[in-house]
Amino acid sequence: PKARRRAHPAREAETFRRALSTMSGVLKYTRADLAKLKYHPVRPLDVISREIGVPVEEMAKLDANENLHPVPKEMMDAVTGALQSFSSGCSAQIYPDPTQTNLRADIAALHGLTPQHVCAGSGSDDILDIVMRLMDAPSCLISPPTFGMYKFLGDISKIKVIEVPRKDNFEVDVPAVVAAIRKHKIKLVMLPSPNNPTGTLLPNSDVEILCKEDAMIVVDEAYADFAGCSADELLSKFPNLMVCRTFSKWAGLAGLRVGYALGDPSIIERMLAIKQPYNVNVAAEAMARAALANRPAIMVTIQSLLDQRDRLIAYLDKYRFLKPHKTHSNFVLCDVEQASAQGLASFMRNRGVLVRYFGTQGGQLQNNIRISSGRPQDIDKCIKALDEYEAERFDQAAADTLKGMGDVEALIFDMDGVLVDVSMSYRTAILETAAHFGVPITSADVNAAKAKGDANNDWKLTLTLIEGGLKKGANKPSLEEVTAEFEKRYQGEKGVPGLSSLETFIPSLPMLKALKAKYKLAIVTGRPRKPDCETALKAFGLEGLFEVVVCMEDAAVKPDPAPVKLALSKLKCKSGIMFGDTVDDCRAAVGAGIQAAGVVPPKHSKEEDSKVLKGSGAGVV
Numbered sequence: 001p002k003a004r005r006r007a008h009p010a011r012e013a014e015t016f017r018r019a020l021s022t023m024s025g026v027l028k029y030t031r032a033d034l035a036k037l038k039y040h041p042v043r044p045l046d047v048i049s050r051e052i053g054v055p056v057e058e059m060a061k062l063d064a065n066e067n068l069h070p071v072p073k074e075m076m077d078a079v080t081g082a083l084q085s086f087s088s089g090c091s092a093q094i095y096p097d098p099t100q101t102n103l104r105a106d107i108a109a110l111h112g113l114t115p116q117h118v119c120a121g122s123g124s125d126d127i128l129d130i131v132m133r134l135m136d137a138p139s140c141l142i143s144p145p146t147f148g149m150y151k152f153l154g155d156i157s158k159i160k161v162i163e164v165p166r167k168d169n170f171e172v173d174v175p176a177v178v179a180a181i182r183k184h185k186i187k188l189v190m191l192p193s194p195n196n197p198t199g200t201l202l203p204n205s206d207v208e209i210l211c212k213e214d215a216m217i218v219v220d221e222a223y224a225d226f227a228g229c230s231a232d233e234l235l236s237k238f239p240n241l242m243v244c245r246t247f248s249k250w251a252g253l254a255g256l257r258v259g260y261a262l263g264d265p266s267i268i269e270r271m272l273a274i275k276q277p278y279n280v281n282v283a284a285e286a287m288a289r290a291a292l293a294n295r296p297a298i299m300v301t302i303q304s305l306l307d308q309r310d311r312l313i314a315y316l317d318k319y320r321f322l323k324p325h326k327t328h329s330n331f332v333l334c335d336v337e338q339a340s341a342q343g344l345a346s347f348m349r350n351r352g353v354l355v356r357y358f359g360t361q362g363g364q365l366q367n368n369i370r371i372s373s374g375r376p377q378d379i380d381k382c383i384k385a386l387d388e389y390e391a392e393r394f395d396q397a398a399a400d401t402l403k404g405m406g407d408v409e410a411l412i413f414d415m416d417g418v419l420v421d422v423s424m425s426y427r428t429a430i431l432e433t434a435a436h437f438g439v440p441i442t443s444a445d446v447n448a449a450k451a452k453g454d455a456n457n458d459w460k461l462t463l464t465l466i467e468g469g470l471k472k473g474a475n476k477p478s479l480e481e482v483t484a485e486f487e488k489r490y491q492g493e494k495g496v497p498g499l500s501s502l503e504t505f506i507p508s509l510p511m512l513k514a515l516k517a518k519y520k521l522a523i524v525t526g527r528p529r530k531p532d533c534e535t536a537l538k539a540f541g542l543e544g545l546f547e548v549v550v551c552m553e554d555a556a557v558k559p560d561p562a563p564v565k566l567a568l569s570k571l572k573c574k575s576g577i578m579f580g581d582t583v584d585d586c587r588a589a590v591g592a593g594i595q596a597a598g599v600v601p602p603k604h605s606k607e608e609d610s611k612v613l614k615g616s617g618a619g620v621v
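Numbering (the UniProt record's numbering), first residue to last: 1 to 621.
Right under this line is the structure:
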């Protein structure tokens, strides 16, 4: 036979490898349970950028709780120096110090401890992995919903993970945890404070209770710098307590991976013995030490993140589809209501705003999202995306409403609560003005008064509420005095922005422009024309969009039908729909002989408002 051509060596080796794998079932040498243990972290930013077509620099990365502020120049210089300084015994060419001597000394000084109390690692995940491997514990206790790495690492270490659910407010159910420790003879307990993803604190008083049990208590304090409290002060009292920290969050070093454990020297000694010897690289150690040296400067960025978090929460409170939970960290967990968390996260992602959606991995948090704090520009983008999402929902609801109300000529809109969210402006001005005159009232009081009707003039409504709450014999303010105090708060004074600056637009301009092509549009509002109404029209780009704008001084106020009739007359229309959020709007529409469509303002109860609005003549809400 003719000699055959010899196959390419690399191709021949690959063919042999595949054949061997098929014949022997090479996976039989591995642990079968590992196939289902894959952890799902957030995806790389550059990959997502290419997928959605938004440049990385234009995105708002609010899905991993990082500190996005630039690190101080001194920290960058420290890394450059460490990598280039061969003479110092620390450079890219030489293995790093396996015991992180200098870094551990710096960390110990921060916490008022000795280096013997500190074990450093490649991020807190590395530290937690060392703890899992160190403990001779058949079981470990966690309290979900919580950080997914605890169960992941426990499963890898073949430690049975026992879960004790948190309370409804996401606090740790300490009595239940104690009972489980005793019942299952648990030797390892892992609890974060603040908890990720809920932001809930574990008070030191609870830590003390747990440390009295026969178990190792590990408190993961990855976010402690945002809460301003720590369990490290209990270390001298309880040798079975360990506190884990990281540089990823507060110091902005998530990409370099540096974490550490604080604990009894006897435990730390064993951790140092079993950890990977070079688990903190030269650049990471140099940057971490520089972060400690520049901690005051970095803490300024921490305060900025907290300020932006509070700003974000104030906005989240206005969205009817979101319920933010109380938090002690640099993120906020939100229930997504009357909507899909997956759909919302996808909507924001397509606009370059990344938030954490947990999916089936989230357990009871499958319809939640977590939003990290960020720089002011990041929060601006987040708020813009949420506004667009709400506007899209409003647009769809408006379209559905119009489909069922027949052919009409005109669409008439109330301004407050329909076009403009005034929950943080007019409503707040009412509360603050009443408080100025010594009468504490609540939002519920305002809603109740509005529900009764004849409450379209907020100045008069405020006076009525004040009169109803004044103590016997107290001086009654005049309408002029109430109006002056109200406007001072709403308009602002002496260069300080007023509450009006907090107003946001509810629907979308594209939707209104589309309606303008088919209908004649008008506004009928209880606002004075100057400056309140005209300022809002200009601020939200509404000038020229509405053919007619009827204000407080143009006709009798709603519920009198006069202002609605005036709008119809100026539009030269006989049929129309009035969109309003109060009984006065609906009654005015019905009185003018047109249809009333009720609108539930942001953060109002749809069920309660629908009942009131329909009872006042709204054909649909």
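Beta carbons: idealized from backbone N, C-alpha and C, even for Gly.
Here the structure is a predicted model, which means the values were calculated and not measured.
- With a beta-carbon spacing of about 26 Å, V300 and V280 fall beyond the 8 Å limit used to define contacts.
- In the three-state DSSP reduction, T146 falls in the coil class, being neither helix nor strand.
- In the same chain as I209, and ignoring 5 residues on each side of it, the C-beta atoms closer than 8 Å to its own belong to V174, V178, in chain order.
- Here the region 582 to 592 lies against the region 561 to 568, with 3 or more beta-carbon pairs under 8 Å apart.
- In the displayed model, P70 falls within coil according to three-state DSSP, outside both helix and strand.
- Judged by beta-carbon spacing, E163 lies within the 9 Å limit of I142, meaning their Cβ atoms are closer than that value.
- Looking only at V282, A522, M552, the smallest Cα-Cα distance to L571 is reached by A522.
- For P192, the enclosing beta strand (DSSP E) begins and ends at 188 to 192.
- Comparing C-alpha distances from Q116 to each of L272, V131, S157 shows the shortest one belongs to L272.
- In the displayed model, C211 falls within a helix according to three-state DSSP.
- No Cβ-Cβ contact shorter than 9 Å links F486 with I441.
- The DSSP-derived three-state label of I379 is helix.
- Selection V71, G615, I217 evaluated against A261 yields I217 as nearest (Cα-Cα).
- The C-beta of D220 has 16 or more other C-beta atoms within 10 Å across all chains shown, which makes the residue buried.
- Q361 and V355 have their C-alpha atoms roughly 15 Å apart.
- For S425, there is no enclosing alpha helix (DSSP H), as DSSP gives it neither H nor E.
- The DSSP assignment places 282 to 293, 295 to 316 as complete runs of the alpha helix (DSSP H) inside the region 277 to 330, in order along the chain (cut-off: 4 residues).
- Pairing I302 with N67 gives a Cβ-Cβ distance under 9 Å.
- Look at F358 here: in three-state DSSP terms it is coil, with no helix or strand label.
- In terms of Cβ geometry, F413 and M578 form a close pair [threshold 9 Å].
- The DSSP-derived three-state label of E503 is coil.
- Between G359 and P144, the C-beta spacing is not below 9 Å.
- The Cβ-Cβ distance between M149 and D125 falls below 9 Å.
- Rounded to whole angstroms, V161 and L153 show a C-alpha spacing of 10 Å.
- In the DSSP assignment, L411 falls within the unbroken beta strand (DSSP E) covering 410 to 413.
- Around the beta-carbon of T504, 16 or more other beta-carbon atoms lie within 10 Å, marking it buried.
- Around the beta carbon of I268, 16 or more other beta carbons sit within 10 angstroms, so the residue counts as buried.
- Three or more beta-carbon pairs separated by less than 8 Å link the region 192 to 199 to the region 225 to 239, which places the two stretches in contact.
- Within the DSSP bridge table, the entry for D335 names K323, N368 as partners.
- When Q366, N350, D421, L253 are compared, the shortest CA-CA separation from S122 is found for L253.
- Cβ-Cβ separation between V482 and W459: approximately 6 Å, consistent with a contact (criterion under 8 Å).
- Taking Q595 as the centre and dropping the five residues before and after it, the same chain places the C-beta of M405, I577, G619 closer than 6 Å to its C-beta, in chain order.
- Across the structure, V353 and A60 are spaced so that their CA atoms are roughly 5 Å apart.
- Of the candidates L110, S157, R370, S157 places its Cα closest to the Cα of V131.
- Looking at the DSSP output, T246 shares a beta bridge with G259.
- Counting C-beta atoms within 10 angstroms of its own C-beta, E390 has 16 or more neighbours from the protein chains shown and is therefore classed as buried.
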